[in-house]
Every structure is written in structure tokens, then in C-alpha cells.
Amino acid sequence: MSKFLNQKISSLTPYEPGEQPKQREYIKLNTNESPYPPSKKGLELASEQAEICHLYPDPNCTELTKLLASELGVKENQVILTNGSDEILNFAFMAYCDQDTPAVYNDITYGFYKVYAKLHGVESKVLPLKEDFSIDIDAFIKEKGTIIIANPNAPTGLLLSLEQIEKIVKSNPDRVVVVDEAYIDFGGESAVKLIDKYDNLLVTQTFSKSRSLAGARLGFGVANEKIISDLMRIKYSTNPYNVNRLTSAMGMGAILDKDYFEKNCNHIINNRQQTKVELEKLGFYVTDSKANFLFAKSNKIDGKNLYLKLKEKGILVRHFDTDRIREYIRITIGNSTQMQAFISAIKEILEEL
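Per the numbering used here, the sequence shown runs over residues -16 to 336.
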């Protein structure tokens, strides 16, 4: 870093994305991307917009907002579109956390939460998951800061029911509860239906996982009109044109091509269940994930060595070398061929032991 960088930024430990190697071809099961390409409808709409990229995009994403609001069953002024769901999470930290209002989140969860807290100079109140990795609902209810919950959680994949989410939201109407639903389409019930009932709820989602648009960067937030107005204030104070023409068009296509979306989600859910069964046959402990990944450990080989041996065989998974979860690997669910190759590689590794 340069000598000019201020102390606040120089002290940051940045978020570490999953590997994106270029030196060889891998089966990538490490970054929770979809194994399926974007919808053809999205590609068609994006190609039309490519011809007018000399013009700025609509900062309000009017057409996409209208379509998404209709799909979600909410009003247009209850939706904000962003550059991936990371941006809406960043906005939430900026808007609802400060020196007097800490960010409250779990010790094992999406790694960007602690980065945003540090970036914005706010205190973090980190609540440990229970021994079985489930979320302690009562611990969140007792806190007075801004709550951020990933549901399903990452990397465990465990899901809170809508009733459990509602219990946290209504327990203290004077704080904001952010529910990060990046993986909700793979087996959960969204809290979006609660936004008219509670004015302190912000739900975030992404097109990266279930709608095959990780490379396009499109996310959104859903909340009551006043919270959306807060977040729009930040958007228009940072980057009004945060969603480009091509991304907006591909997002519309992803919504319109509903059959393709549902088919892909079902494929991933089925592949997840089949892979879980195969891993358990091989003696693995696997959490009951409701996301597009599995979280698993073997009693025959530690997590880091398993990750390295899989990498040698051309398969990338994610390993977190941190307390409590270093024995585990996180496996993104790919297509049937990819998952068969993964299970075959696991069998080979165990036989080699």
C-alpha cells in the first residue's frame, strides 16, 4: 500500500473471494455460481441494449423495478435495484449502523459483514452459532443494534423459518433487521411477505445464484417505502447509474423466463440431495443445507487436505481456515456431470488414504 493511504483503510482486512484460477481448467464448485447459463430471453434483451450503450442507463431501472415488484407482489417504491446484493448490504451498513448502533451478526456467516462494519467504523456484536451451527434466536432478540442475518446462512446452509425471522423482527420495532436471502430460492420461504407488516425489515436478494447472473452483478432490496427512500438517498449520493443497461435487461429476461428459473432451481435442489446422500454413504457429516451448496466434513481427512487433494484432481471447493469450521469444505452444487465427478474424486481420495 502507498504511504498516502489513510489509517482507516490501511487497517482493513478485505473480503477474500473464492478462487478464480486461470492457469488450468477446473470443475468450479467453490463460489456458489449457477452451473447453468443465463436465460436466452435475457441474452436477447441485453443484445438490444448493447446497441445503445453510448447512453447512460435509466438510474431508476424503471422497467425492471416494475417487473420485479409485480413478481414479488409489492409496490414499485418498495424495491431498490443494486450492483449485486453486496451493494445493498453496504448501503444498509451506511444507513443503519453508527457509533451508537452496532452491527449484530453471527460468528459463522457471510464474511463481508465484518468488512463493512470495519469499513464504516461501526462496532460489531458477534453472536456465536450454537454447537450444531443453528442460529440462537433468543440471542438476537436481546440485542439492540442493527441485525444482519443470512437466511439460509452461509457457509452452513441452515435455514430459519419465516416464523423465526418474524419473531426477531417484531421483538424490537426500534431497530432495523436485514435479512440477506441470497440463497432463498433453493428451499426457503422469503420474508418479503412481511415488509408491509413491519417497517423495520429490509430483505435483500441477488440474481447471482438462482438466476445465473453472477457475472452481471444484480441485486435488490425490498422494504417499506421509507427504508427504500433512505437507501435511494445513499445510491444517489454515490453512484446513480449503479446498474448498467445490459445487466438490467438480463435481469428482466431472468424474471420473464420463469420456467427456466424454476427448472434450474429444481435441478440444483435434486443434485444437492443426491450429493448429500452419496457423501453420507462415504461417512461424511453434512449439514441440512437449503442453499445451492453443501457444508460437509469427513472423519478420515481434515478439511484443508481434502480441499487440496480435490484441487489436485481438478475440482475446486471452498475451505475456510477458521475456528470451528476448518474441518469442513463447502461444495457448490453443479450440474449432474460435475457432481458425479466430485463424488468420484472423493472416493478416489478416500481409497488413497
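Beta carbons are placed, not taken as given, at the ideal position from N, Cα and C, and that holds for glycine.
Because the structure is a prediction, the values reported are computed rather than measured.
Worksheet entry | Spatial distance of E263 from V269 (CA atoms) | Reading the sequence shown from its first residue, position 280 is the one you call residue 263. Reading the sequence shown from its first residue, position 286 is the one you call residue 269. For E263 and V269, the distance between alpha carbons rounds to 7 Å.
Item to complete: State the start and end residues of the unbroken beta strand (DSSP E) segment that holds A206.
Response: Position 223 of the sequence shown, counted from the start, is the residue given in the question as residue 206. A206 -> beta strand (DSSP E) spans 202 to 206.
Item to complete: Less than 8 Å between the CB atoms is what I'm expecting for E12 and F325, so what's the real figure, rounded?
Response: Here residue 12 is taken as the residue at index 29 of the sequence shown, counted from 1. Here residue 325 is taken as the residue at index 342 of the sequence shown, counted from 1. In the sequence under discussion, the amino acid at residue 12 is Leu, which differs from the Glu named in the question. Confirmed, Cβ separation roughly 6 Å.
Discussion item. I'd like to know whether the C-beta atoms of K280 and Y311 end up nearer to each other than 8 Å.
Written reply: On the sequence shown, position 297 is the one that residue 280 refers to. On the sequence shown, position 328 is the one that residue 311 refers to. Yes, the pair counts as a contact, with Cβ atoms nearer than the cut-off.
Fill in: Straight-line gap, L143 to P20 (C-alpha atoms, nearest Å)
As a first step, residue 143 must be located in the sequence shown, where it is residue number 160. As a first step, residue 20 must be located in the sequence shown, where it is residue number 37. C-alpha separation (whole angstroms): 29 Å.
Worksheet item: In the DSSP assignment, what residue or residues form a beta bridge with K280?
Response: Taking the first residue of the sequence shown as 1, we reach residue 280 at position 297. The partner list for K280 (beta bridge, DSSP) reads Y268, Y311.
Worksheet item: In chain order, which continuous runs of the beta strand (DSSP E) of length 3 or greater are located wholly inside the segment 137 to 209?
Response: 160 to 163, 184 to 189, 202 to 206
Worksheet item: Bridge partners of R301, per DSSP?
Response: Here residue 301 refers to the residue found at position 318 when the sequence shown is read from its first residue. For R301, which the question treats as bridged, DSSP gives the partners R313.
Worksheet item: Is the segment 110 to 117 close to the segment 150 to 161, with three or more CB pairs under 8 Å?
Response: no
Worksheet item: Cβ of I316 within 8 Å of Cβ of N254?
Response: Working through the sequence shown from its first residue, we reach residue 316 at position 333. Working through the sequence shown from its first residue, we reach residue 254 at position 271. Yes.
Discussion item. For E(-1), which residues in the same chain have their Cβ closer than 8 Å to its Cβ, ignoring the five residues on either side in sequence?
Written reply: The residue you call residue -1 lines up with position 16 of the sequence shown. Taken in chain order, the residues that qualify are G94.
Discussion item. Please state the DSSP three-state secondary structure of D306.
Written reply: For this step, residue 306 is matched to residue 323 along the sequence shown. Of the three classes helix, strand and coil, the one that applies to D306 here is coil, per DSSP.
Fill in: Cβ shell of K58 (< 8 Å), same chain only, five flanking positions each side left out
On the sequence shown, residue 58 is found 75 positions in, with the first residue counted as 1. Result list for K58: A52, E208, in chain order.
Practice prompt. Could you tell me the boundaries of the beta strand (DSSP E) in which L110 lies?
Written response: As a working mapping, residue 110 is identified with position 127 in the sequence shown. Here the beta strand (DSSP E) through L110 covers 107 to 110.
Worksheet item: Helix or strand or just coil, what does DSSP make of V57?
Response: By one-based count along the sequence shown, residue 57 stands at place 74. Of the three classes helix, strand and coil, the one that applies to V57 here is coil, per DSSP.
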